[in-house]
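Under our numbering, residues 110 to 488 are what the sequence shown spells out, in order. Think of the CB as a built atom: it goes at the ideal place given N, C-alpha and C, for glycine as much as any other residue. Computed from a predicted structure; not experimentally measured.
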Amino acid sequence: MITDDALAVFRKEFGTEPTGLWAAPGRVNLIGEHTDYNEGFVLPFALPQRTIAAVGPAPAGEWTVCSTFADEAVSFGLTEPGEVTGWAAYVAGVVWALHDAGYQVPGARIALASEVPLGSGLSSSAALESSVLTALVDLGGLDLPLEKRPAVAQRAENVYVGAPTGILDQSASIRCQEGRALFLDCRSYEVEQIPFDLAAEGLAILVINSNAPHQHVDGEYGARRKSCEDAARLLGVPALRDITGAELDDALSRLDDEVMRRRVRHIVTEDDRVLATVKLLHAGQVREIGPLLTASHVSMRDDFEITVAQVDLAVETALEVGAYGARMTGGGFGGCVLALIDADKADVVTTAVEEAYAKAGFTPPTAWTVTAGPGAGKL
Ligand code: ADP
Ligand code: MG
110 MITDDALAVF RKEFGTEPTG LWAAPGRVNL IGEHTDYNEG FVLPFALPQR TIAAVGPAPA
170 GEWTVCSTFA DEAVSFGLTE PGEVTGWAAY VAGVVWALHD AGYQVPGARI ALASEVPLGS
230 GLSSSAALES SVLTALVDLG GLDLPLEKRP AVAQRAENVY VGAPTGILDQ SASIRCQEGR
290 ALFLDCRSYE VEQIPFDLAA EGLAILVINS NAPHQHVDGE YGARRKSCED AARLLGVPAL
350 RDITGAELDD ALSRLDDEVM RRRVRHIVTE DDRVLATVKL LHAGQVREIG PLLTASHVSM
410 RDDFEITVAQ VDLAVETALE VGAYGARMTG GGFGGCVLAL IDADKADVVT TAVEEAYAKA
470 GFTPPTAWTV TAGPGAGKL
């Protein structure tokens, strides 16, 4: 049990019991990829896989953090971005971001354990930040409403760790609810909890970790982001979210650069696909979202160019053996694929993908079915 792991590490490192355990989930983004930093729409749900933070008090201005994934504990006081590096930067970043937002952050001893695979696009980083943030807010009795927490955790990752990610991951980990997908407007931060009960429909989401090595992720992510921001500037809009599907052709005709045109087409059509997905889910037409998921993948593959051979093969194979739809989920360049399937087809699809990978000479994939779990909180 992951909670036992966190407790064991806490006891071993600090020789005492923690005040409590806090959990925050990883996430799968059902649809809406790279739309978050374009101030558009996303639709994630929380994974049952979580990061657990066992947390107890420490003297004011002192933090010590350890993890099942690290050999040594790391201690720090109030720091500025860049001072703590490596995995502990995510924790120091949360402390820094809370302090920078004007909060009196309580000193703490923190032990982390996680069942979210690290670096697979399921957002172990946001799960870590969100579990620690929620614990510190609770322990310190800080007056930080739920809807404002994701932006604080995001600053930890953007400014302290230096990863230019959007608001999607932290929002999902903090604001998702069990049995729901989170429809988030990344401009207003308004959310709507969308019914997402797959079991009731005899359906499941199969997550397939491509186990492809992540390469050039940060550089490519930054390049996509810059291309989108440059396009918005050229088109005279605050963000690409402001271009509707109906305005797309006109917008494309005003851009000279072919690569930039493709980037814009992905974002604008992806926002529309999120809206269409929400509409179908509201109408209880869950199977019918399949073609939208697949269209999203094609758009990421051909227009946004963020997929790799392993994820393309997983999507193609899942569709060949009867998935209603399939797409890469997460920032790209490896990571995971999700497939919407009949619940009793998980083994068939998994085997087919395993066989296709073996034939292609790829590292074997890992696959499991998931349901929409709860967001961050105290256990
Ligand atoms: P993802 O968020 O897709 O899993 P990232 O590269 O954004 O991938 O974040 C992974 C990094 O987050 C790890 O390399 C590590 O530094 C840190 N991390 C996440 N979870 C833990 C954990 N439980 N213990 C220590 N570090 C962690
Ligand atoms: Mg991450």
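Asked: Is Ser232 a contact residue of the ligand MG, with contact defined as CB to any heavy atom under 7 Å?; Found: yes
Asked: Using the Cβ count rule (16 or more neighbours within 10 Å means buried), how would you classify His406?; Found: buried
Asked: Would you list the one or two residues that DSSP bridges to Met437?; Found: Val446
Asked: Any heavy atom of the ligand PLP within a distance shorter than 7 Å of the CB on Gly141?; Found: You won't find the ligand PLP in this model; what it holds is the ligand ADP and the ligand MG.
Asked: Would you report the Cα separation of Leu248 and Ile219, rounded to the nearest angstrom?; Found: 12 Å
Asked: Is it buried or exposed for Lys454, if we count other Cβ within 10 angstroms and need 16 for buried?; Found: buried
Asked: Mapping DSSP to helix, strand and coil, what is Val225?; Found: coil
Asked: Output needed for Ala133: all residues of its chain with C-beta closer than 6 Å, excluding positions within five of it in sequence on either side, in chain order.; Found: Thr160, Ala236, Ser239, Ser240, Ser282, Ala485
Asked: Going by beta-carbon coordinates alone, are Phe389 and Ile376 separated by less than 8 Å?; Found: Note that residue 389 is Leu in the sequence shown, not Phe. Contact: no.
Asked: Mapping DSSP to helix, strand and coil, what is Gly202?; Found: helix
Asked: Between which two residues does the alpha helix (DSSP H) harbouring Gln279 extend?; Found: 277-284
Asked: Please tell me whether Ile450 and Val462 are closer than 8 Å, where the distance is taken between their beta carbons.; Found: no
Asked: Buried or exposed for Asp380, going by 16 or more other Cβ atoms inside 10 Å?; Found: buried
Asked: Tell me, to the nearest whole angstrom, how far the beta carbon of Ala341 is from that of Pro347; I am working on the premise that it is less than 8 Å.; Found: 7 Å
Asked: Would you say Leu293 faces chain D, with C-beta separation under 8 Å as the test?; Found: The structure shown has no chain D; it contains just one protein chain.
Asked: Tell whether a beta-carbon distance below 8 Å holds between Ala434 and Pro400.; Found: Here the sequence assigns Gly to residue 434, which means Ala is not the residue at that position. Result yes, Cβ atoms of Gly434 and Pro400 sit closer than 8 Å.
Asked: Is Phe476 buried or exposed, if buried means 16 or more other CB atoms sit within 10 Å of its CB?; Found: Contrary to the premise, residue 476 reads as Ala rather than Phe in this sequence. Result: buried.
Asked: Tell me, which residues are paired with Thr487 by DSSP?; Found: What sits at residue 487 in the sequence shown is Lys, not Thr. In DSSP, Lys487 forms a bridge with Trp131.
Asked: Can you tell me whether Ala235 sits near the ligand MG, meaning its C-beta is under 7 Å from at least one heavy atom of the ligand?; Found: yes
Asked: Classify Gly482 as helix, strand or coil using the three-state DSSP reduction.; Found: strand
Asked: Can you check which of these residues, Leu343, Glu329, Cys337, Glu256, is closest to Val300 by C-alpha distance?; Found: Glu256
Asked: In the DSSP assignment, what residue or residues form a beta bridge with Asp294?; Found: Phe150
Asked: Does the distance from the CB of Gly443 to the CB of Leu231 come in under 8 Å?; Found: no
Asked: Could you tell me whether the region 167-185 touches the region 125-141, where touching means 3 or more Cβ pairs closer than 8 Å?; Found: no
Asked: When DSSP builds the beta bridges, which residues end up paired with Ala236?; Found: Paired residue(s): none; Ala236 is not in a bridge.
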